[in-house]
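Residues 1 to 113 (the UniProt record's numbering) make up the sequence shown, in order.
We treat Cβ as the ideally placed atom computed from N, Cα and C, and that holds for glycine.
Written below as structure tokens is the structure these notes are about.
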Amino acid sequence: MMKWLQNNTYIVLLFFAFTAMGAFLLITDHGETTYEQIEIEQGDTLWTLAERYRGTMTTQEWVDHVKRENGLTAEMIVAGHALTVPINENSIHIANLENEEELHSVEVAIKNQ
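In structure tokens, the structure reads:
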């Protein structure tokens, strides 16, 4: 066994690297946030969207998170474009099925704690 480990150190190192990455992801991901893709409507800003979707995050945390998730360098968004936004598990997501292919958000509210 020891000779095999010495001859295959790259496999052992790879195993430990994957184990460490898995442990890191398990520890840091609390599973509290899911994502939804929304269409930006006329008049929407990251700040107004934050008020609808931020859950228990602060507005600034939510805006920064959306900017990172969508690769935005500025806070400018364009109506008609899609945006991936975090939906906190502490929010209630109510959806309306407009047709068989599309699901649109109607309302998001905070659960009573």
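A contact between stretches requires three or more CB pairs, one per stretch, nearer than 8 Å, and the stretch 40-52 meets this requirement with the stretch 63-73. DSSP links LEU83 through a beta bridge to ILE38.
Under the three-state reduction of DSSP, LEU72 is assigned to coil, being neither helix nor strand. Between THR56 and ALA50, the C-beta gap is not smaller than 8 Å, which leaves the two residues out of contact. The Cβ-Cβ distance between THR34 and ILE77 does not fall below 8 Å.
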